[in-house]
Amino acid sequence: MHRPIAPSGLEITLLGRFSVRTTAGQEVRIVGRHAQALFTLLVLTRRPRTREAIATDLWPESTITATGPLRQALYQLRGALAAAGLDLDAMIEADAETLGFRPEAVHSLDADRFEACTADPTCGAETAVALYGGDLAEGLGHDCFAAERERLADRYEDALATVAAQRLAARDVDGARSAAEQLIARDPIREEAHEVLIAVHGIAGSRSQVVRQYRRLRDVLARELAERPLPETDATYRLALSRTVERSLERANAMERPAIAALAAVAG
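Under my numbering, residues -17 to 250 are what the sequence shown spells out, in order.
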């Protein structure tokens, strides 16, 4: 007789780090890359699939003997669940031909929460960015996760671009810079992030940084896409340059005033 899993299921983290816990907070320690990869694939697929198809997805380089790693992964998975007082069969539908994760076994999945937030206008880009703990199945290295990893990463980068623009509009210069730099580190050709940094440097009054950032954008677009910056970006660049001139004059005036006051006092 199988011990039934609690209706609340498991709390699963697949973005950035791999983590599985019961709703009571107990860690389910699934060790071994084979077991973690199998668990991840079953959770993301959410429907029964043939063992052969699963094995081929996870270990395509060894299709003839792929059932070996699959058996090993199932053995490790069963042991990890048993150590947490759980039953593999209460969570995974399995027969001689197929495997599938039972929907009721998942209480929460961080990838689901993140994606739902990006699709909900009331959730907000800041919240979406905070929910993204890292790239999907980071460190597992299996090609079968690549498409879903890229899809979620694209959503994260779009949210990050929105955050950078919103922070700039709110005059949160440091926050805008941080978000834009994070986005460029992930994707150097995101023009809107470069544009935010050009504006940030303009607000700070740093003409050299404005010019340097624009040239960096121009060079990467030419090299990677054989394109030039958009007219809107050029307009931001010109405005940022004019702002640096204004800031220079402001600083010069601030420096002159004490000297003028001192000279006037002497003359008097």
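Just so it is clear, CB atoms sit at the ideal spot from N, CA and C, and this is done for glycine as well.
Under the 10 Å beta carbon count, Q8 is surrounded by fewer than 16 other beta carbons and is classified as exposed.
Residue pairing of G82 in beta bridges, as defined by DSSP: E75.
The way I'd put it, the segment 137 to 155 does touch the segment 110 to 119; three or more beta-carbon pairs between them come closer than 8 Å. Each residue's CA atom was taken as its position, placing R194 and R15 some 44 Å apart.
Just measuring C-alpha positions, the residue of D77, E214, A167, R159 sitting nearest Q191 is R159. Take the alpha-carbon of E214 and the one of E177: they are about 9 Å apart. For V13, the closest of L59, G(-2), T5, T4 by C-alpha to C-alpha distance is L59. No Cβ-Cβ contact shorter than 8 Å links L52 with I74.
When rounded, the separation of the alpha-carbon atoms in T100 and R(-1) is 20 Å. By the CB criterion at 8 Å, A19 and L(-3) fall outside the cutoff. Under a 10 Å Cβ-count criterion, L203 is classified as buried, with 16 or more other Cβ atoms of the shown protein chains found around its own Cβ.
Linking V227 to H183 through their CA atoms gives a straight-line distance of about 12 Å.
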